[in-house]
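Here's the structure we're looking at; comments come further down.
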Amino acid sequence: MPGQLLISTPSEGVTLLTLNRPDKMNALATPLLREIAEAVEAADADDAVRAVVITGNDKVFAAGADINELSKNGVVEGLADVRPAIWNRIRSARKPVLAAVEGYALGAGNELVLCADIAIAGEGAQFGQPETNLGIIPGAGGAALLPKLIGRARAMRLVLLGERLSAEEALACGLVSEVTDKGAALACAIELAAKIARRAPLAMIQGKAVIKAALDAPLDAALATERQAFTVLLGTEDKRLGTDAFLTKIRARWTGS
Ligand code: CO8
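Taking the numbering used here, the leading residue of the sequence shown gets 978, the next gets one more, and so forth.
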């Protein structure tokens, strides 16, 4: 019987994680969330993997945390909850993570999109943080991180009113970087991931790390972090190969060293 997370390699250097709980709208119950964290960490540890794509199915990316699980949790369970640590593991991925979204990305599903570095939406996709409909608020970035990415005004409407963003609105506010025809988001995300997989590996990791750090740091600190990463890359074989390739007009074969 297939698991709740399908792991495949659709293109060289690309790991594809497909959420597979279609009968429960891909609700992110703790075991599934844990499987995602383990798969992301395995990809990070595997030199052959350069990028990760996370997707759902044609109708739903993920409709949130598992409400059956949630309904049984009180304050005590909340205090002992292992999920914040699992989310941190997903958020800490070093290699680029892409999300391909068709249909609903709601609650924790949208928070999983927020973990991605590049998100692609198929026409008709819908993004939201409907937790206040359940008498709670988002718990994995949907209130804390969302306003930094899409702005306070839109985040307030999503969280306080339970409104959803269409694919086009998500594009306009920078939640996703591209809208494709319905059903074409995954192919688009795999193509982008394959492009990343062909590029200088250390530069991909450092570029991602600096951009993420810059979201939270004052400009001086962000510029210092950028400068440090830039300087470290000057000492790499890939930098020598990249500059030689430009000067000799011969394509570089990156080594990731
Ligand atoms: N959890 C559990 N089961 C779900 C969930 C869910 N989030 N979403 C859908 N399902 C189940 C339904 O109960 C139904 O099951 P069954 O057939 O056994 O009755 C099945 O999936 C199909 O769902 P629907 O019949 O509702 O399908 P529709 O096409 O009519 O509607 C929707 C699709 C709009 C996605 C609808 O299912 C919906 O609104 N789902 C809930 C969305 C939601 O409220 N999400 C927020 C959840 S709370 C959350 O994410 C908090 C995160 C906190 C993280 C904290 C970490 C520390």
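Glycine included, each C-beta is placed from N, C-alpha and C at the ideal position.
For residue 1202, the enclosing alpha helix (DSSP H) begins and ends at 1196-1211.
By the beta-carbon neighbour count (other beta carbons within 10 angstroms, threshold 16), residue 1045 is exposed. A distance below 7 Å between beta-carbons, with the five flanking residues on each side excluded, links residue 1191 to the following residues of its chain, in chain order: 1199. When the Cα atoms are used, residue 1126 and residue 1080 turn out to be separated by approximately 21 Å.
If you check the CB distance, residue 1039 and residue 982 do not come in under 9 Å. Judged by DSSP secondary structure, residue 1031 falls outside any alpha helix (DSSP H) and instead within the beta strand (DSSP E) spanning 1028-1032. Secondary structure of residue 1160 (DSSP, three-state): coil.
Annotated three-state conformation of residue 1137 is helix, per DSSP. Runs of the alpha helix (DSSP H) lying entirely within the segment 1002-1077 and spanning at least 4 residues, in chain order: 1007-1022, 1044-1049, 1052-1056, 1060-1068. Residue 1104 has 1082, 1142 as its beta-bridge partners, per DSSP. Here residue 1116 carries a coil assignment [DSSP, helix/strand/coil]. Cβ neighbours of residue 1020 within its own chain (closer than 7 Å, five residues either side excluded): 992, 1026, 1029, 1072. Here the segment 1161-1169 makes no contact with the segment 1211-1223; the two share fewer than three CB pairs at distances below 8 Å. DSSP places residue 991 inside the beta strand (DSSP E), whose first and last residues are 991-996. Segment contact: the segment 1171-1179 against the segment 1205-1215, three or more CB-CB distances shorter than 8 Å; contact assigned. The shortest CA-to-CA distance from residue 1035 to any of 1002, 1022, 1057 is the one to 1002.
In this chain, residue 986 is not harboured by any alpha helix (DSSP H); it is covered by the beta strand (DSSP E) spanning 982-988. Residue 1086 is positioned such that its CB atom lies no closer than 9 Å to that of residue 1055. Shown here, residue 1184 sits in a helix according to DSSP, grouped into three states.
Bounds of any beta strand (DSSP E) do not take in residue 1233, whose DSSP letter is neither H nor E.
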